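Peer 1:
Residue numbers (this note's numbering), protein chains in the order written: chain A, 10 to 534; chain B, 10 to 534.
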């Protein structure tokens, strides 16, 4: 009976309620595709009734073919004052065309009388009407019982009646939501058992929030008590303190319980998926995150380090590779070495022959990482560095001077101009360009100066530009890291720059971008 | 029997193992004093055997008079090769002069044979000798059974023998440590019960780590099972994924269980203590932290906001004031009129009287949000906008012109200079400044120009600066959003700017920051 535990991801809907997180429709499409590949059973894509961005997402998602997951649209029971067939939100849910629709309804009498401002009886009718309407349209219907645990404590009979209304109308699953996140595990299990006594043989689920810092434990306790459907978000994104963190829930279930997860789940991609979602949300990935954090298997204390060198089990509760993470020994991190060697091989660069060269290169890399550079996703810069380490390095051009000016008169948008002097071979090139902002001006000037010498640069386009402030508490004097992605007709490469000066950081990344392209053309890799 | 639950804080010792955290002796003294005032029972100050900073801390702490807490020094059982009286670490523990000494010893047979490289029998002797030695010196001795849960699973008999050795030698309390953090609550409770069957009437404690994301739940489960001593750290600081977060443990115990905490605990200071520790550790305070985070009682969705305006219980599991936190209403594209009204009310601005004004303001806000502005966390900018909407708006200064120049010669770091012309009243001010990067130069020039007119600006500091690229696929011509946080002696406010030009976006946020401060001084809110 354990085999049918289903994982329902709501990163794109409830997760997008996180403070500071705002996914575009494109962001959502990218995350949905990754979640599908990762192997979750359901992906809740958004609330088409609440904002136009979600409508756009569902329109575009209709063109995707998922391998593992079913896409769900989310909404609420019908409004008190509109008949079900004329309810705009229910209509929009049908229009999304998703095979699954999830709707939430009220379980807490107080929310019915003081929130919806209607009677308990009418609320039961809202639930029944809405579920039946969606079933009539052939949808799989998941009913989220909002505030179920608080509702049960306030009026157990009524809370159970709301579930009965959804079930009688044909709901395929009923999910018990701890919407305010205030319930502790022991209490939660007691209430679940009471529900199970009332409703046998139905698929019950759990939706936990982390306001008491026990959302993961609550989800595990609910599954142990027999619930077969778990909702949560990647990294525990969500309003206030977030939702149950699916990364922790999944790893715990797979590695520490006898629950059988779907074999589609690719646990070894967990760390990747977790970091990707942070990247797309443009929030720092929490280093101390269980299982997937950069510090999760990092060892600092001297005793720990000498012990794990003898046997890693001593201070590691699991093998980090099972979740796609890796051990870090903070005093001597050797993990990069094999990656570096294989990267060099790919490029046809031979640094293997000289142990000293590899050592020097790794030291340089560590120093740069210490300064804030990050080479995951910046292959272009990494390969430029590698090439420079070989001793065969010849620069394609030299900077003599650069000046960027931003001029603003009163309330109008400022003008940005870059003046650039570079030397290619023996030739001095002095040029200038305007742009949408200083970095754009600099980019345009650099291309203008180089293209006469290197016409292949005309075929490159900058496709992505990202800025991350590294030590934001240093305020306007903070260090920033700039990532640039460039494409030509064959490939895409990333480059990176770090400085207290955003123009300088951007310049470094631009120079690496151009250099990588010219290296690629010359060495033909 | 519940009254004697004791709280043992190890922020200064185990918490200082967090990656990136390094407390000075002075930092530790400040935190210890706050923890004492807050009301914890024990403060573990450090490991005098492991580093000189901790020796300095204990020397200076000897001069403090604690009102509530007992100070504990931490160390390990004696070394295999030194007799107890000559053991340098035990001697140092005695020399600290603390009334309490906590030592850890091995419970896991594998750690004895493969870590200490000694026999199981000798390890029992190490434990007994060390505890007896400390008792002979009149100390209260707390024995931390390292890896107890893993040890129990590997060799239950032996793990229990190690506890017996400590107890027989006179240990006052025995603490079961889940050192690798791999144990889930149900398993943990089973093992605790087995220990309780063996040892009745002794004070047992729990020390949990968060590698499975269940450290808080584990601590609560242990207390529910009858353990009377809980160890943890403020904000869950600690190696890898951290220790049990005492903020969550304490709030849960006090507000959601029938456990009686010591009446000395001042729960209403919880948020303050939590943020202070982050401040001293110089790490960002986690916004989504349960109970104490800046987002813990923040409401974003329009439905939630209109509901909490009627009754805050609807979407808040506790009254935030009980833990010294407060409710926040966020402004976002998902929320409507009710968010604005309640925000204006908080600000003491009356826009309620004019429905047309509210509507116009909301339209303006939605337009700005559509352009990429985001007012969650940018209260300062929102308030400036609100003020402008009232019709009573008078600008504090006007920009005439600004020019920012970044000059770079070859490979050296560029120089940044800002030249600014502004008008205050009838007076024209023309000034210039250099900075670490163009935004810093602009900030410095703006302050230089304004401070003669508005001296209170001298008391403001920029405390945070963030950049987010909004449409990164537009590459270097992408639009960026800049967030700035500014503080004076009383409060912190956020401001926002959006433009394709990062200098322009930063300028907008800087201007709002200064304007908000001057508004605040004038209107005295």
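All residues carry an ideal CB built from backbone N, CA and C; glycine is no exception. No experiment lies behind these values; they were computed from the predicted model shown.
#1: Going by CA-CA distance only, name the one from 300/B, 354/B, 369/B, 367/B that's closest to residue 335/B.
#2: Would you kindly check if the distance between the Cβ of residue 48/A and the Cβ of residue 66/A is under 7 Å?
#3: Could you tell me whether the stretch 255-274 of chain A touches the stretch 430-450 of chain A, using the rule of 3 or more Cβ pairs below 8 Å?
#4: Are there 16 or more other CB atoms within 10 angstroms of the CB of residue 392/B, so buried, or fewer, so exposed?
#5: How is the alpha helix (DSSP H) around residue 205/B delimited, first residue to last?
#6: Quick check: is the beta carbon of residue 279/A nearer than 7 Å to any beta carbon in chain B?
#7: Work out the CA separation of residue 509/A and residue 196/B for me, nearest whole Å.
#8: Taking one C-beta from the stretch 457-472 of chain A and one from the stretch 17-33 of chain B each time, how about it: are there three or more such pairs within less than 8 Å?
#9: Considering only their Cβ atoms, is the gap separating residue 115/B from residue 98/B smaller than 7 Å?
#10: Starting from the beta carbon of residue 383/B, find every residue of chain A whose beta carbon is closer than 9 Å, and list them in chain order.
#11: Would you call the stretch 451-460 of chain A in contact with the stretch 422-431 of chain B, where contact means no fewer than 3 C-beta pairs closer than 8 Å?
#12: By alpha-carbon positions, which one of 29/B, 210/B, 129/B, 187/B ends up nearest to residue 303/A?
#13: Hey, how far is the Cα of residue 504/A from the Cα of residue 64/A?
#14: Does the beta-carbon distance from residue 409/B to residue 373/B come in below 7 Å?
#15: Counting only Cβ pairs nearer than 7 Å, list the residues of chain A close to residue 423/B.
#16: If the cut-off is 7 Å on Cβ atoms, which residues from the stretch 459-480 of chain A count as contacting chain B, listed in chain order?
#17: Cβ of residue 200/A less than 7 Å from any chain B Cβ?
#18: Identify the continuous beta strand (DSSP E) that holds residue 508/A and give its terminal residues.
#19: Can you tell me where the alpha helix (DSSP H) holding residue 256/B begins and where it ends?
#20: Taking 7 Å as the threshold (C-beta atoms), are residue 225/B and residue 258/B in contact?
#21: Tell me, please, whether the CB atom of residue 404/A is closer than 7 Å to any CB atom in chain B?
#22: If you measure from the beta carbon of residue 304/A to each beta carbon in chain B, is any gap under 7 Å?
#23: Which residues in the same chain as residue 192/A place their Cβ atom closer than 6 Å to its Cβ, once the five residues preceding and following it in sequence are excluded?
#24: Taking the alpha-carbon positions, what's the residue 341/A to residue 308/A distance?
#25: With a cut-off of 8 Å on the beta carbons, I'd call residue 93/B and residue 127/B a contact; round off their distance for me.
#26: Would you mind telling me which residues of chain B sit closer than 7 Å to residue 418/A, beta carbon to beta carbon, in chain order?
#27: Say whether the stretch 216-225 of chain A touches the stretch 245-253 of chain A, bearing in mind that this needs 3 or more beta-carbon pairs closer than 8 Å, one atom from each stretch.
#28: Using a Cβ-Cβ cut-off of 7 Å, state whether residue 265/A counts as contacting chain B.
#29: Do residue 112/B and residue 78/B have their C-beta atoms closer together than 7 Å?
#30: Should residue 77/B be flagged as near chain A, meaning a C-beta pair shorter than 7 Å?
#31: Determine, for residue 238/A, whether the minimum Cβ-Cβ distance to residues of chain B falls below 7 Å.
#32: If you follow the alpha helix (DSSP H) that residue 42/A is part of, which residue opens it and which one closes it?
#33: Do the CB positions of residue 108/B and residue 149/B come within less than 7 Å of each other?
#34: For a contact defined as C-beta to C-beta under 7 Å, what are the partners of residue 223/B on chain A?
#35: Could you tell me whether the stretch 389-404 of chain A touches the stretch 394-406 of chain B, using the rule of 3 or more Cβ pairs below 8 Å?
#36: Ignoring anything shorter than 3 residues, give me the beta strand (DSSP E) runs that lie fully in the stretch 127-158 of chain A, in order along the chain.
Peer 2: Let me lay it out:
#1: 300/B
#2: The answer is no: Cβ separation not under 7 Å.
#3: no
#4: buried
#5: 194-207
#6: no
#7: 50 Å
#8: Here the stretch 457-472 of chain A does not lie against the stretch 17-33 of chain B, with fewer than 3 beta-carbon pairs under 8 Å apart.
#9: No. Outside cutoff.
#10: 29, 31
#11: no
#12: 29/B
#13: In a straight line, the C-alpha of residue 504/A is about 34 Å away from that of residue 64/A.
#14: No; because the gap between Cβ atoms is not below 7 Å, this pair is not in contact.
#15: 510, 512, 513
#16: 471, 472, 473, 474, 475, 476, 478
#17: False, the Cβ-Cβ gap to chain B never drops below 7 Å.
#18: 501-508
#19: 255-265
#20: yes
#21: Closer than 7 Å: no.
#22: yes
#23: 158
#24: At residue 341/A, the pLDDT of 34 sits below 50, so the modelled position is not reliable; the number obtained from the coordinates is stated separately. Straight-line Cα distance between these residues: approximately 10 Å.
#25: Not really, about 15 Å apart at Cβ, beyond 8 Å.
#26: 410
#27: These segments touch.
#28: In terms of beta-carbon proximity, residue 265/A lines the interface with chain B, with at least one pair separated by less than 7 Å.
#29: Cβ atoms of residue 112/B and residue 78/B: not closer than 7 Å.
#30: Answer no: the Cβ-Cβ gap between residue 77/B and chain A never drops below 7 Å.
#31: no
#32: 34-47
#33: yes
#34: 225, 226
#35: In short, these stretches do not touch, since the Cβ pair count stays below three.
#36: 149-155
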